[in-house]
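If you read the sequence shown in this note's numbering, its first letter stands for residue 543, the second for the next number, and so on.
For glycine and all other residues, C-beta sits at the position ideal for the given N, C-alpha and C.
What follows is a short report on a single structure.
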Amino acid sequence: MPAFEIIKVLTLATIGFSLSMLLTPAWTHFLYKYKLVKNVRNDNSTPIFSKLHKEKSGTPTMGGVLIWMTVLILAVVFWLIHIIWPDSLLADFDFLTREETYLPLGALVASAIVGLVDDWFNINRQGGGKGGGLTVKHRLFIYTLIALFGAGWFYFKLDWDVIRIPFLGVFQLGWWFIPFFVFVLVATAFSVNEADGLDGLAGGIVLAAFASYGTIAFIQGNYNMAAFCGVIAGALLSFLWFNINPARFFMGDTGAMSLGISLGIVAMLTGYPFLLPIIGFLLMLESLSVIIQILSKKIRHKKVFLSAPIHHHFEAKGWPETKIVMRFWVIAGVFAVLGLIMAIIDLSLW
């Protein structure tokens with residue numbers, strides 16, 4: 543195991559944390575100065591949610607900018623150092639490569655910009671969605687296009703059409719790889735967005751997932767991908783410092799959707815998308831709770847949960863927000879480690 547690569551990943555993660563911490567005061571001041579506040583829905587369609595989150599109506603959104611901006615800045619800075627001073631020690635910290643990080647970084651930024659526009663529409667009550675923002679159909683269409691571009695990059699640029707199923711081996715999908723890829727990315731993105739409902743919840747869950755996949759990438763020898771995950775993990779740690787209850791700001795779609803898209807791509811690049819339901823167990827649970835709730839209301843005309851996603855169900859039952867978040871963090875950590883162990887065992891078999 544190359545010692546420098548360990549130093550590289552940990553150093554970049556630390557720099558990511560530090561840079562994000564440095565950027566946060568200025569960004570927080572900007573959010574509050576211009577009152578970039580998320581509109582909390584207050585209508586008859588979500589009475590429980592509106593009641594529970596009424597006091598958060600003055601909290602700004604777009605905090606997720608700090609995460610993806612940190613990653614982008616470090617990627618560009620070390621890439622420029624590598625170009626200008628290729629023989630310097632710092633040049634070795636460049637983690638941009640076509641095979642490992644071009645796509646997850648590009649998708650991170652592209653989906654973050656879309657999310658930023660969505661957040662802006664929400665703040666100004668524009669866009670056609672309930673309470674402002676893009677409609678679900680528009681969001682689904684745009685993020686599907688981003689996922690299709692990623693699928694094309696895999697299929698045509700990287701000549702990649704295989705998936706690994708733990709303990710069963712590698713299977714070639716041919717052109718079916720493209721719709722499978724799109725499903726993984728879109729499902730992961732919207733799942734992270736569903737989890738972004740309590741202070742610190744989505745950040746903690748996604749942090750565990752990126753740490754797990756980053757470790758898998760490192761074991762596979764994909765050191766630049768591991769470094770990319772490390773920077774995101776470092777930035778997420780900084781974000782959580784300010785996002786835990788009571789949150790100074792919310793992640794917003796610019797953070798949630800971009801992290802979800804990027805996590806899906808990392809899962810595909812490691813070859814372990816089928817471990818996403820394990821490593822990101824709570825993300826899957828959050829989305830399933832919403833789907834079950836919708837189907838039950840349409841078919842049975844009654845609700846399964848007091849409120850959905852499931853974290854709001856526990857809120858409605860009287861659990862304190864911090865109790866829900868910390869218990870979900872514990873569960874997220876356990877399943878992230880479980881998925882990592884499964885990957886390690888599978889890698890040792892082939």
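Note to self: Which residue wins for smallest C-alpha separation from Val678, given the options Ile626, Ser560 and Met799?
What the structure shows: Met799
Next item on the list: Could you tell me if the beta carbon of Ile873 falls within a distance shorter than 7 Å of some heavy atom in the ligand ADP?
Entry: Summarising the ligand content, the structure contains no ligands, and the ligand ADP is consequently not present.
Next item on the list: Report the partner residues of Val579 according to the DSSP bridge assignment.
Entry: Pro602
Checklist line | Three-state secondary structure (DSSP) of Phe637 | finding: coil
Note to self: So, at 6 Å on beta carbons, what are the nonlocal neighbours of Asn787 in its own chain, with the 5 sequence-adjacent residues on each side left out?
What the structure shows: Asp741, Glu863 and Thr864
Notebook entry, point to check: Beta-carbon separation of Met810 and Phe696 under 8 Å?
Noted result: yes
Next item on the list: Just the C-alpha distance for Met611 and Leu825, rounded to the nearest angstrom, thanks.
Entry: 23 Å
Check: Residues bridged to Gln714 by DSSP?
Finding: Val704
Notebook entry, point to check: How should Phe770 be labelled, buried or exposed, when 16 other C-beta atoms within 10 angstroms of its C-beta is the threshold for buried?
Noted result: buried
Item checked: Top-ranked residue by Cα proximity to Ile803, from Ser831, Pro721 and Gly692 -> Gly692
Checklist line | Where Gly756 falls: helix, strand or coil (DSSP) | finding: helix
Notebook entry, point to check: Would you call Pro628 buried or exposed, if buried means 16 or more other Cβ atoms sit within 10 Å of its Cβ?
Noted result: exposed
Item checked: Selection from Leu801, Leu749 and Gly813 that minimises the alpha carbon distance to Pro646 -> Leu801
Next item on the list: Mind reading off the beta-carbon distance from Ser829 to Ser733? Whole number of angstroms is fine, and I expect it under 8 Å.
Entry: 4 Å
Notebook entry, point to check: What whole-angstrom Cβ distance do Ile665 and Lys580 have, given they're in contact under 8 Å?
Noted result: 7 Å
Notebook entry, point to check: What are the complete alpha helix (DSSP H) segments, minimum 4 residues, inside the segment 802-874?
Noted result: 818-821, 823-841 and 852-858
Next item on the list: Would you mind giving the Cβ-Cβ distance between His854 and Gly739, rounded to the nearest angstrom? I have them listed as a contact below 8 Å.
Entry: 6 Å
Next item on the list: Please name the residue, chosen from Ser838, Val846 and Ile852, that lies closest to Leu827 on a Cα-to-Cα basis.
Entry: Ile852
Note to self: Which residue marks the beginning of the alpha helix (DSSP H) containing Phe786, and which one marks its end?
What the structure shows: Looking at the sequence itself, residue 786 is Ile, so the reference to Phe does not match. It is not in any alpha helix (DSSP H) - Ile786 carries neither H nor E in the DSSP assignment.
Next item on the list: Throw me the rounded Cβ distance for the Phe781 and Arg790 pair, which I believe falls under 8 Å.
Entry: No, Phe781 and Arg790 are not in contact; Cβ-Cβ is about 10 Å, not under 8 Å.
Next item on the list: Using three-state DSSP, classify Gly694 as helix, strand or coil.
Entry: helix
Checklist line | Under 8 Å between C-beta atoms of Ile821 and Phe870 | finding: no
Next item on the list: Below 6 Å CB to CB, which residues in the same chain sit around Asp660 once its five sequence neighbours on both sides are set aside?
Entry: Gly675, Leu676 and Asp795
Checklist line | Own chain residues within Cβ distance below 7 Å of Thr639, not counting five before or after | finding: Asn766
Notebook entry, point to check: What is the rounded straight-line gap between the Cα of Ala555 and the Cα of Lys575?
Noted result: 30 Å
Next item on the list: Please report how far the alpha carbon of Thr566 lies from the alpha carbon of His843, in whole angstroms.
Entry: 45 Å
Notebook entry, point to check: From what residue to what residue does the alpha helix (DSSP H) around Pro544 run?
Noted result: Taken as a continuous stretch (DSSP letters only), Pro544 belongs to no alpha helix (DSSP H), as it is neither H nor E.
Notebook entry, point to check: For the alpha helix (DSSP H) that contains Asp629, what are its first and last residues?
Noted result: Premise fails: Asp629 is in no alpha helix (DSSP H) and is neither H nor E.
Notebook entry, point to check: Terminal residues of the continuous alpha helix (DSSP H) containing Asn735?
Noted result: Phe719 to Ala737
Check: Near Phe847, what residues of its chain come up, given a Cβ to Cβ distance below 7 Å and the 5 sequence neighbours on each side ignored?
Finding: Ser831, Gln835 and His855
Check: In angstroms, rounded to a whole number, what distance separates the CA positions of Ala775 and Gly745?
Finding: 9 Å
Check: So, is Ala545 buried or exposed, given that buried needs 16 or more other C-beta atoms within 10 angstroms?
Finding: exposed
Next item on the list: Could you check if Leu578 is buried or exposed, using at least 16 other CB atoms within 10 Å of its CB as the buried criterion?
Entry: buried
Check: What residue does the alpha helix (DSSP H) around Phe663 start on, and which one ends it?
Finding: Tyr644 to Ile665
Notebook entry, point to check: What's the call for Lys859, buried or exposed, on a 16-neighbour Cβ count within 10 Å?
Noted result: exposed
Checklist line | Reduced DSSP category for Leu743 - H, G, I as helix; E, B as strand; rest coil | finding: helix
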